[in-house]
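Peer 1: Can you keep this structure in mind? I'll have questions shortly.
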Amino acid sequence: MRQHGVIAISGASAGVGRAIARKLAGRADAVALLARGEDGLAAAAREVEEAGARALTVPVDVTDAEAVDRAVERVETELGPVKVWVNAAFASVLGPFMDIEPKEYTRVTDVCYHGYVHCTRSVLKRMLPRDQGAIVQVGSALGFRGIPLQSAYCGAKHALRGFDDSLRVELAGAKADVHITEVHLPAVNTPQFSWARSRTGTGTRPVAPVHQPEVAARAVASAVDHPRRREHWVGMSTVMTILGQRIAPGLVDRYLTSTGFEAQKRPDVPPPREDNLFHPLDTDRDYGAHGEFDDESQSWSAQSWMNEHRKELSLGAAGVVLAASAVPLWNRFRSKKGVR
Numbered sequence: 340m341r342q343h344g345v346i347a348i349s350g351a352s353a354g355v356g357r358a359i360a361r362k363l364a365g366r367a368d369a370v371a372l373l374a375r376g377e378d379g380l381a382a383a384a385r386e387v388e389e390a391g392a393r394a395l396t397v398p399v400d401v402t403d404a405e406a407v408d409r410a411v412e413r414v415e416t417e418l419g420p421v422k423v424w425v426n427a428a429f430a431s432v433l434g435p436f437m438d439i440e441p442k443e444y445t446r447v448t449d450v451c452y453h454g455y456v457h458c459t460r461s462v463l464k465r466m467l468p469r470d471q472g473a474i475v476q477v478g479s480a481l482g483f484r485g486i487p488l489q490s491a492y493c494g495a496k497h498a499l500r501g502f503d504d505s506l507r508v509e510l511a512g513a514k515a516d517v518h519i520t521e522v523h524l525p526a527v528n529t530p531q532f533s534w535a536r537s538r539t540g541t542g543t544r545p546v547a548p549v550h551q552p553e554v555a556a557r558a559v560a561s562a563v564d565h566p567r568r569r570e571h572w573v574g575m576s577t578v579m580t581i582l583g584q585r586i587a588p589g590l591v592d593r594y595l596t597s598t599g600f601e602a603q604k605r606p607d608v609p610p611p612r613e614d615n616l617f618h619p620l621d622t623d624r625d626y627g628a629h630g631e632f633d634d635e636s637q638s639w640s641a642q643s644w645m646n647e648h649r650k651e652l653s654l655g656a657a658g659v660v661l662a663a664s665a666v667p668l669w670n671r672f673r674s675k676k677g678v679r
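In the working numbering, the protein residues as written are 340 to 679.
Structural data, given as structure tokens:
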């Protein structure tokens with residue numbers, strides 16, 4: 340059912356953003372696809388149109404605030420008011436902190452934090468006068484718990500949560516019918532490990548267990564339908580990471596000291612010869628949504644499914660409790676009436 344009008348997605352050319360575009364196309368009149376890689380954007384547009392929605396591709400680097408504002412203006416001029424905005428742009432450098440150059444660190448922060456801020460500011464400027472809209476921030480378990488070799492990405496995702504907390508309260512204080520929700524992901528099988536810059540001396544990989552990008556896309560679709568929820572946690576590994584950090588962060592420190600380095604390395608694979616940190620690689624090639632780890636990636640998450648259907652599950656549980664409590668009452672009634 341097409342219920343959300345115009346939806347816009349940053350980082351839509353590949354990976355999680357690409358899977359989100361496919362998933363949301365079935366419930367939107369039109370989908371705006373924003374990213375740097377034009378070939379990836381064109382392929383994403385074809386998939387959106389095959390699902391029956393109108394597609395608009397907007398090449399843009401989200402780190403450029405003025406370019407983002409022009410992009411949002413174009414989207415609203417050509418498609419109409421944006422009802423839902425999804426921030427899913429991604430960049431990373433994997434390696435020890437002291438081996439990452441300042442300009443590399445800045446770039447990751449600009450994409451994964453400032454890029455989200457720029458997009459949020461620009462679309463809010465248009466949503467607030469209409470007093471309607473939802474912004475979905477694609478976050479990560481690593482926004483709650485930093486891990487070795489990913490200090491730039493983890494720092495950006497931590498910053499995003501603080502930004503969202505502040506903005507959410509400001510919107511509530513203004514009594515605006517515009518909502519911010521976060522979707523925190525586990526490790527996902529995307530092309531990022533084929534094109535992310537590595538300072539580890541080896542190829543890199545997601546920390547197991549790994550999930551397919553469609554798991555993330557389904558969670559984002561649920562967040563679009565329930566934008567008043569503050570957070571959506573995806574996958575049991577995300578739940579355990581967040582709870583572990585809250586309950587016993589020192590224990591998590593020790594665990595990651597012994598396992599966190601090798602869990603992200605592929606000693607038999609060299610680092611990518613080209614990466615997409617400063618320049619897109621999907622300008623003349625479509626990388627799609629999936630990475631190289633299909634064989635080990637989970638296509639379904641029981642935890643995520645339960646989270647997406649928790650209202651139905653709560654009603655079902657309540658029904659079971661009522662039925663169970665009715666049995667002794669019925670038996671008492673039967674005994675008083677002498678029914679055998």
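Each residue gets a CB set at the ideal place from its N, CA and C atoms; glycine is no exception.
#1: How far does the alpha helix (DSSP H) with GLU415 in it reach, from first residue to last?
#2: Are GLY454 and VAL517 closer than 8 Å when you measure CB to CB?
#3: Under a three-way DSSP split, which group does ILE486 fall into?
#4: How far does the beta strand (DSSP E) with SER479 in it reach, from first residue to last?
#5: Are GLU415 and ARG465 closer than 8 Å when you measure CB to CB?
#6: What residue range does the beta strand (DSSP E) around HIS343 cover?
#7: Examine the Cβ distances between the region 507 to 526 and the region 389 to 398 and report whether three or more of them are shorter than 8 Å.
#8: Since TRP424 is in the beta strand (DSSP E), which residue starts that stretch and which ends it?
#9: Cβ of SER636 within 8 Å of Cβ of GLN551?
#10: Verify whether the separation of the beta carbon atoms of VAL397 and ALA371 is less than 8 Å.
#11: Pull up the CB-CB distance for GLY540 and LEU488, whole angstroms please, since I reckon it's below 8 Å.
#12: Let me check one thing: in DSSP terms, what residues is GLN637 bridge-paired to?
#13: Is it a yes or a no for the region 495 to 513 touching the region 571 to 578, going by three-plus beta-carbon pairs under 8 Å?
#14: Which partner residues does LYS604 have in the DSSP bridge list?
#15: On the premise that SER461 lies in contact with ASP317, defined as a C-beta separation below 8 Å, what is that separation, rounded to the nearest angstrom?
#16: Do ALA369 and GLY627 count as a contact pair if the criterion is CB distance below 8 Å?
#17: Does TYR492 pass the burial test, meaning 16 or more other C-beta atoms within 10 Å, or should it be called exposed?
#18: In three-state DSSP terms, what is LEU582?
#19: Using a Cβ-based criterion (distance less than 7 Å to any ligand heavy atom), does VAL407 qualify as near the ligand FAD?
#20: Which stretch, first to last residue, makes up the alpha helix (DSSP H) that contains THR396?
#21: Where does the unbroken alpha helix (DSSP H) through VAL401 begin, and where does it stop?
#22: Leaving aside the five residues before and after LEU490 along the sequence, list all residues of the same chain whose C-beta is less than 7 Å from its C-beta, in chain order.
#23: Skipping 5 residues on each side, what residues in its chain have a beta carbon closer than 7 Å to that of ALA358?
#24: Straight-line CA distance for ALA495 to GLY482?
#25: Quick one: Cα of PRO610 to Cα of VAL508, how far?
#26: How many angstroms separate the CA atom of GLU298 from the CA atom of ALA427?
#27: Of all the beta strand (DSSP E) runs that stay within the bounds of the region 510 to 536, which reach a length of 3 or more residues?
Peer 2: With the given structure in hand:
#1: Where GLU415 is concerned, the enclosing alpha helix (DSSP H) stretches over 404 to 417.
#2: Cβ atoms of GLY454 and VAL517: not closer than 8 Å.
#3: Coil, per DSSP.
#4: For SER479, the uninterrupted beta strand (DSSP E) segment begins and ends at 472 to 479.
#5: In this structure, GLU415 places its C-beta atom within 8 Å of the C-beta atom of ARG465.
#6: No beta strand (DSSP E) contains HIS343, which DSSP labels as neither H nor E.
#7: Output reads no: the region 389 to 398 does not touch the region 507 to 526.
#8: Here the beta strand (DSSP E) through TRP424 covers 421 to 426.
#9: Cβ distance < 8 Å, so SER636 and GLN551 count as in contact.
#10: A contact, by the Cβ cut-off of 8 Å.
#11: Incorrect: roughly 11 Å between the Cβ atoms, too far for contact.
#12: DSSP lists HIS550 as partners of GLN637.
#13: By the criterion of at least three beta-carbon pairs nearer than 8 Å, the region 495 to 513 is not in contact with the region 571 to 578.
#14: In the DSSP secondary-structure assignment, LYS604 is bridged to THR543.
#15: No statement about residue 317 is possible, as the shown extent of the chain runs from 340 to 679 and does not include it.
#16: Cβ distance not < 8 Å, so GLY627 and ALA369 don't count as in contact.
#17: TYR492 sits buried, since 16 or more C-beta atoms from the chains shown fall within 10 Å of its C-beta.
#18: Helix.
#19: As presented, the structure is devoid of all ligands, the ligand FAD included, so that no description of it is given.
#20: Secondary structure note for THR396: it is in no alpha helix (DSSP H), and the uninterrupted beta strand (DSSP E) holding it is 393 to 398.
#21: Element bounds for VAL401: n/a, residue is neither H nor E.
#22: Note that residue 490 is Ser in the sequence shown, not Leu. Listed in chain order, the non-local C-beta contacts of SER490 below 7 Å within the same chain comprise PHE436, local neighbours out to five positions each way being set aside.
#23: Setting aside the 5 residues that flank it on each side, ALA358 is surrounded in the same chain by PRO552, GLU553, ALA555, ALA556 and ALA628, each with a C-beta closer than 7 Å to its C-beta; the list follows chain order.
#24: In this structure, the alpha-carbon of ALA495 lies about 8 Å from that of GLY482.
#25: Between PRO610 and VAL508, the C-alpha separation is close to 43 Å.
#26: Outside the displayed span of the chain (340 to 679) sits residue 298, for which this structure offers no information.
#27: List check, beta strand (DSSP E) in window: 517 to 524.
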